[in-house]
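Trainee: Heads up: the sequence shown begins at 1 in full-length UniProt numbering, then just goes up one per residue.
Built from N, CA and C at the ideal position, the CB exists for glycine as well.
It should be emphasised that the depicted structure is a prediction, and the values quoted were computed from it without experimental measurement.
Next up is a structure, given as structure tokens.
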Amino acid sequence: MTGEIEVRISAQYEAMRVRRLAAILGASLIMGGCFMLYLIMDLTFLPQEIHSESHNKWAQLEDRLNQLEDDLRRHHDTVGQLKHSIKDMVGEGLRQESISPNKTTSSPRMALLSCGLQVSTPPHTDVQLLELYKQLKFDNLDGGAWKQGWNIEYSQHSWNPHKKLRVFVVPHSHNDPGWIKTYEDYYHSQTRNILNNMIKKLREDDRRKFIWAETSFLALWWDEISQEEKAQAKQLFANGNMEVLCSLLSRLFANSNMGVLCSLLSRLFANGNMEVLCSLSGRLLANSIMEVLCYLSGRLLANGQLEVVMGGWVMNDEANTDYYSILTQMIEGHQWLQNNMDYTPRSSWSIDPFGESPSMAFLVKRMGLENLVIQRVHYSVKKMLARSKNLEFLWRQTWDGSGSTDLLTHMMPFYSYDVPHTCGPDPKVCCQFDFRRLPGYGMACPWRTPPQVITEHNVAHRAEMLLDQYRKKAQLYRTNVVLAPLGDDFRYDQASEWDAQFNNYQRIFDYLNTNPTLNVEAQFGTLSDFFTAVREEVSPEQFPTLSGDFFTYADRDDHYWSGYYTSRPFYKRLDRVLMEYLRSAEIVFGLAWSSRPNFASWLLAPETGFTKLLSDARRSLSLFQHHDGVTGTARDYVVEDYAKKLHDAIRGSQHIIQQSVYALLTRNMDLPDSEFTYFDLDDVRKHHYSIPEKTVLAFGADMEAHTVVLFNSLTWQRKELVTVRVSTAYVKTSPVFLRSGSVADSHYDIMFIGEVPPLGLATYRIHAVHPGDKHIWRLLKFPARPGKERSGAYLFLPDGQAVMLTLDRPLVMVVEGPLLSQVRVLLPEVQHYITLYNTPGVDSLGLEVNNIVDITDHNNYEFIMRISTNIQNNEDFFTDLNNMQIICQHAILLLKIICQHAVLVLQMIRRKHFTKLPLQANYYPLPGAVFIEDDETRLTVLTAQPLGVAALKPGQVEIMQDRRLNQDDGRGLGQGVLDNRPTPTSFRIILESKTSKCQVC
């Protein structure tokens, strides 16, 4: 909440400040622009005349400049008076519009950006992925050098001096904030060296470029380096090229001919280097308004050698993540870049998440990013898009009828983002141009043909060999602009690699660019350099449109990456718990700050540590969104490290909640003790690996009553069943069952209906008072596949259909009362609870299902829960994307779901069970909801944690609960998944019947 208030205040103040400064800048730039136009248009600046009559022309130039300086001196006083007048106006405006620290305002722009989803007729797109899946044969034919493609051919006449092939080699280093090592271990052992070398090596040659994605590592590095190194880093970063300045000038001078100036400047200073202009202007026009233009240009047109792509705290997973957590990590990264580097990313880079979600495209588009690169897409999908030259497209949301969500997206065509698979279709050739693999550097090419140092003797042959790959890659796209990433995981950690890669490639570029018969321009570039060139050649509107998502991913054969939807479910649940606590902490902290002015300064004071606790919690949640974090695909001790951070963040959020609640409720005007615990929360986790326990309210002679405070973080009134654990049976209670099945003799659950206003608190006092077998619900397991290729953390490779568990006289308990009825089933692998509430609140809608799964005694065991009904859904079912979208191909299905924690307006994506695909290919991510339906009935399952889901037969929904796997699946982790914990999972089942009164709003 505090963050939202600050953003709105900041946005309003920033808009006002820009309007005021625009007047100053406008006056300055008009005169500066006129002066520059005068000089540029003058014949004395033409190269041929400078060479022929340099002395006379410079004399004429000096005379003209003397006259201009006389004119500018006369204007100088006028400009000074204007500055003072505007300064007074700004000061007066600020005094009139000053904002109280406890007053919130609404920005029209923010209101526009946060407007509700508008339903329209689903648009037609050129490529719809579900229809594409129906057409694909998934035959996995051998395509030769490009095994998943075909032999590419081209004509030498495709290019000419007026239509050159433009190649952008983009150096990068993909740094995982946790995988084989922890986040901090990676930084100290590798990432720090990469960033230090980056500053040193880029400054050696301004033709060198580099891109970086993970802001979390920049933050660690920034805290260590000197002010001089920070200044050097800022100089290397670029907020864009000349088009940024031109865009600003065009906005300021909408009715003038600034396009001429911008065009000339862009041609004269194509590399974004304003030093020549500013140096000349500074010498000739000292103390003049040209300083304003140079200052602006210097900020906007830094060297442009270094670009931050995406800019999130991490490169987040896109299958298991909730949109709230995605936004949290993106905001954390972008705010850090703004606060520390005054930098805003323009392009997004999603090369390693295991499948791609349109939710991510939607969010980055709304954040202002203009371009996106993706990599991990099913090889058959890539092949078909490559054949039709649809690898570059406008990714459109299925519900978007206007195209307002279109995002220009580039899909890499080959197997991986490493160097052997990025220059062209033949990895044996491309590997020879990864100069980190030179003999003696500690790496080798699997194809047993090593790279060669580029010399004057071999440069022609080697350069043309590489050019052949670039030309073949260009055949897969609609433009003559080729993107050739140059990097891999944790690359450039040694200074020798920087020298090897940049020096050898520069020799190749020099040869290619100085041989006009080759018709190619090759250079190092950033991602935005590449997209700028693409947009120069083809207007984005000319690219095909595409809708849908890219799940489930397969990189080869039948190796579908559907296992990580469920791997390490204990920590997937912990992630959602932190998300809920962090959101509540931010809201109640904001309420306390805005509602109790006498405590406002105290709440924000550094000595209380509250703002640091919130910041740490945001960063811990953000870090876990990494595509080897929430996915459950890191090494055991790395997972432990993530879990400790999550646990600490939960405790910190709980501390803020109880302190803020006390500040809201207390009548004492004295400042509270920031370290004291005024309230215990009803959710205790002793360790990061512990199942939560309820706080027990102890009653006795000295404690006959307890106060219970309920907080509602939602914006509507809630009336729900509340359960509190007590130590006495002398209240109306239900028994507490232990895991063994016996009844606890000292703990009891008391239940009552609580009612809490929107964003409000409610206080309750609790006082002690003395003296035919039809299986619609099944638990099953998948047998392990024999042989070498078996399930692991990433892959799900079952040996056929799931088989029923052997149930040997399970213990069944029934609890009944006026407010609920509950059945509890205890099995060796799971404690299974089904609860039906009888309350006036939303919790009475449907069944609540809770499991505590424990498969620690098994090996190669994949455990599922299957729900069977008589719903005739054929092969269709629907799931959400990132708890945000539930998309249907043919019609908009807005499902208003009222659940325990929130009312969600979701949009579902249609899934289809394909019999032509193996079982594991028909599993999909389940971040929030799944439903099946026919003409009469709909069954919806809501989940409190992300898992994997399938609907393999009509009327069935099955959800993976946990996986325990002895072996690695060959995707780099190097271990199985054997660190299972007893894991709680929670679901809400809603059964609906269609009525004639239903209508689309």
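If we ignore side chains and look at the alpha-carbon of each, how far apart do M528 and A951 end up?
Mentor: Per the sequence shown, the amino acid found at residue 528 is Ser instead of Met. If I take the Cα positions, the gap works out to 42 Å.
Trainee: Take the Cβ of F987 as the centre, count every other Cβ of all protein chains shown within 10 Å, and call the residue buried at 16 or more, exposed below.
Mentor: Burial call: buried.
Trainee: Output needed for E704: all residues of its chain with C-beta closer than 6 Å, excluding positions within five of it in sequence on either side, in chain order.
Mentor: Result list for E704: A768, in chain order.
Trainee: Tell whether a beta-carbon distance below 8 Å holds between A921 and A554.
Mentor: Yes, the pair counts as a contact, with Cβ atoms nearer than the cut-off.
Trainee: Within this structure, are the beta carbons of S347 and V309 separated by less than 8 Å?
Mentor: Going by C-beta atoms, S347 is nearer than 8 Å to V309.
Trainee: For G442, which of helix, strand or coil comes out of DSSP?
Mentor: Here G442 sits in coil by DSSP.
Trainee: Return the chain-ordered list of same chain residues with a C-beta closer than 7 Å to the C-beta of A254, the five sequence neighbours on each side being excluded.
Mentor: Any reading at A254 needs caution, since the residue's pLDDT is 46, under 50, leaving its predicted position unreliable; the model's value is listed next. So the list is empty, once near-sequence residues are dropped.
Trainee: Look at the alpha carbon of Q156 and the alpha carbon of P413, and state the distance between them as a whole number of angstroms.
Mentor: Spanning the two alpha carbons is a distance of roughly 22 Å.
Trainee: Which of the three DSSP states is assigned to P569 in this structure?
Mentor: If DSSP states are grouped into helix, strand and coil, P569 belongs with the helices.
Trainee: Could you have a look at Q506 and say whether DSSP puts it in helix, strand or coil?
Mentor: Three-state result, Q506: helix.
Trainee: Would you list the one or two residues that DSSP bridges to I374?
Mentor: In the DSSP output, where bridge partners are listed per residue, I374 has S350 and M411.
Trainee: Could you check where the alpha helix (DSSP H) with T328 kicks off and where it finishes?
Mentor: Here the alpha helix (DSSP H) through T328 covers Y323 to M341.
Trainee: By a C-beta neighbour count over all protein chains shown, 10 Å radius and 16 as the cutoff for buried, is G629 buried or exposed?
Mentor: Its Cβ being crowded by 16 or more others within 10 Å, G629 is buried.
Trainee: Which class does V482 belong to by DSSP, given the choice of helix, strand or coil?
Mentor: Three-state result, V482: strand.
Trainee: Taking the Cβ atom as the reference point for each residue, do L486 and V170 lie within a distance shorter than 8 Å?
Mentor: Closer than 8 Å, so yes.
Trainee: Would you mind working out which of R471, N390 and A600 sits nearest N151, comparing C-alpha positions?
Mentor: Comparing Cα-Cα distances from N151 to each of R471, N390 and A600, the minimum goes to R471.
Trainee: Is G355 near W561, with beta carbons less than 8 Å apart?
Mentor: Result yes, Cβ atoms of G355 and W561 sit closer than 8 Å.
Trainee: Which residue or residues does DSSP assign as beta-bridge partners of F523?
Mentor: With the sequence shown as reference, residue 523 is identified as Gln, and Phe is not the correct amino acid for it. DSSP output for Q523 lists F168 as bridge partner(s).
Trainee: Taking the alpha carbon of V577 as the point to measure from, which residue in F543, H647 and A634 has its own alpha carbon closest?
Mentor: Nearest option by C-alpha distance: H647.
Trainee: Quick check on DSSP: helix, strand or coil for G800?
Mentor: Coil.
Trainee: What three-state label does DSSP hand S357 in the structure shown?
Mentor: In the structure shown, S357 sits in coil (DSSP, three-state: anything other than H, G, I, E or B).
Trainee: Spell out a yes or no on whether the stretch 133-146 and the stretch 446-463 are touching, meaning 3 or more CB-CB pairs, one atom from each, closer than 8 Å.
Mentor: No: fewer than three Cβ pairs fall under 8 Å.
Trainee: D185 to A634, Cα distance in whole Å?
Mentor: Approximately 14 Å between the Cα atoms of the pair.
Trainee: Helix, strand or coil: how does DSSP classify R988 here?
Mentor: Strand at R988.
Trainee: Output yes or no for whether 8 Å exceeds the beta carbon distance between L721 and G841.
Mentor: For L721 and G841, yes; Cβs fall inside 8 Å.
Trainee: Under 7 Å Cβ to Cβ from T995, same chain only, skipping five residues before and after it: list those, please.
Mentor: The answer is none, since no qualifying residue turns up.
Trainee: Counting C-beta neighbours from all protein chains within 10 Å, is the total for T884 16 or more, i.e. buried, or is it exposed?
Mentor: Sequence inspection shows Met at residue 884; the Thr mentioned does not correspond to that position. Per the 10 Å Cβ criterion, buried.
Trainee: Using alpha carbons as the reference points, say which of P927, Q469, L467 and L681 lies closest to T985.
Mentor: Comparing Cα positions, the closest option is P927.
Trainee: Report yes if the CB atom of G312 is closer than 8 Å to the CB atom of M330, and no otherwise.
Mentor: Yes. Within cutoff.
Trainee: Just to confirm the assignment: which complete beta strand (DSSP E) runs, minimum length 3, are found wholly within the stretch 171-219?
Mentor: Here the runs fully enclosed are 210-212.
Trainee: Please work out which residues of its chain come closer than 7 Å, Cβ to Cβ, to L483, disregarding the five sequence neighbours upstream and downstream, and give them in chain order.
Mentor: Result list for L483: F168, V170, H410 and F530, in chain order.
Trainee: Three or more C-beta pairs under 8 Å: does that hold for the stretch 438-448 against the stretch 420-428?
Mentor: Touching, yes.
Trainee: For a test of the three-state rule: what should DSSP assign to N851, helix, strand or coil?
Mentor: Of the three classes helix, strand and coil, the one that applies to N851 here is strand, per DSSP.
Trainee: Let's test the definition: count the other Cβ atoms within 10 Å of the Cβ of Y837 and tell me whether it reaches 16, buried, or not, exposed.
Mentor: The residue in question, Y837, is buried, as its Cβ has 16 or more Cβ neighbours within 10 Å.
Trainee: What residue does the beta strand (DSSP E) around L811 start on, and which one ends it?
Mentor: It spans L811 to E816 - the beta strand (DSSP E) in which L811 sits, taken as one unbroken run.
Trainee: Under three-state DSSP, which class holds R667?
Mentor: DSSP places R667 in coil when its eight states are reduced to three.
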